[in-house]
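Residue numbers for the sequence shown follow my numbering, so the first one is 6 and each next one is one higher.
Quick reminder that beta carbons are idealized off the backbone N, C-alpha and C, glycines included.
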Amino acid sequence: MGCLIVRIHDVTRVLSESSVAYAGDVVPQFRQVDAGVYLISELRMSSHSGTHIDAPVHYLKRGDTIDTVPLPNLIGKCRVLDVTCAGNQITAEALQGRIEGSQRILLRTAFSGKDRFIEDYPCLTLDAAQLMTASGMLCVGIDSLSIESFHCDGSVHRELLRRGCIVIELLDLSGIPEGDYEMVALPLRLAGLDGSPARVVLIETGE
């Protein structure tokens, strides 16, 4: 009988004062104080700093806030898809035939590992979002700055969030092979807020 091997992949970006931030968003600032017998730090950041989760209220202005987002959407089997060949506009055609059988999808794009803001980062098109929601997707994540283009009208976010598909943005999927994993993605339980930084891990098992 073989031994079960468990590998845990941390796909969270390190959050620091040099972290890449969306244009106009708060740049994280940390101040650590030596209080004598212990250290304590003050943090200034956005609810969408670093790897983070969008709650429906973020774009819908109603519905679940980050403390009431259903955790089953964020914990369970997920599939990592390599969509680097799709370029900066990830269309339904690029996903066709690849999302069946999974309720959680993480998209690895050409932005993986990059640490500077660019306007033409990879994102989903509306028809791709509609394909996701038509399949009953519970969660979709991406390693770029946003699931939606910089020059957007919010339609991609609204399509996903109004249909109960929770969004994770700014993952670190560099070095993660395409395939199926177990995912745990947990936001801070911030009362009434629109989003939260999160720790996201993928668990791979085998013999």
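Distance from the CA of Ile208 to the CA of Tyr186, rounded to the nearest whole angstrom, comes to 6 Å.
Between the segment 150-157 and the segment 112-125 there are three or more C-beta pairs closer than 8 Å, enough to call the two in contact.
Taking the Cα of Ser179 as reference, the smallest distance to any Cα among Leu111, Arg36, Leu9, Pro33 is reached at Leu111. The shortest CA-to-CA distance from Gly169 to any of Glu183, Gly29, Leu176, Met142 is the one to Met142.
Leaving aside the five residues that flank Asp87 on each side, the residues in its chain whose CB is nearer than 7 Å to its CB run, in chain order, Arg113, Glu183. Excluding five sequence positions before and after Glu164, the CB atoms of its chain that fall closer than 7 Å to its own CB belong to Leu131, Ala134, Gln135, Thr138, given in chain order.
Setting aside the 5 residues that flank it on each side, Arg12 is surrounded in the same chain by Glu209, each with a C-beta closer than 6 Å to its C-beta; the list follows chain order. Within 10 angstroms of the beta-carbon of His156 lie fewer than 16 other beta-carbons, which makes it exposed. In this structure the segment 191-199 does not lie against the segment 10-30, because fewer than three pairs of beta carbons, one per stretch, are closer than 8 Å. Within the segment 29-115, the runs of alpha helix (DSSP H) that reach at least 4 residues and sit entirely inside it are, in chain order, 62-65, 97-100. In the three-state reduction of the DSSP assignment, Ser140 falls in the coil class, being assigned neither a helical nor a strand state.
Taking a C-beta distance under 8 Å as the contact criterion, Cys128 and Ile95 qualify as a contact pair.
For Leu207, there is no enclosing alpha helix (DSSP H); the residue is part of the beta strand (DSSP E) that begins and ends at 200-211.
For His14, the enclosing beta strand (DSSP E) starts and ends at 10-15. Excluding its 5 nearest sequence neighbours in each direction, Arg84 has C-beta neighbours in its own chain below 6 Å: Ser107, Ile110, Asp185, listed in chain order. By the Cβ-count criterion, Cys144 is buried, with 16 or more other Cβ atoms from all chains shown falling within 10 Å of its own Cβ. DSSP places Val25 in the coil class of the three-state scheme, outside both helix and strand.
For Glu164, there is no enclosing beta strand (DSSP E); the enclosing alpha helix (DSSP H) has its first and last residue at 160-167.
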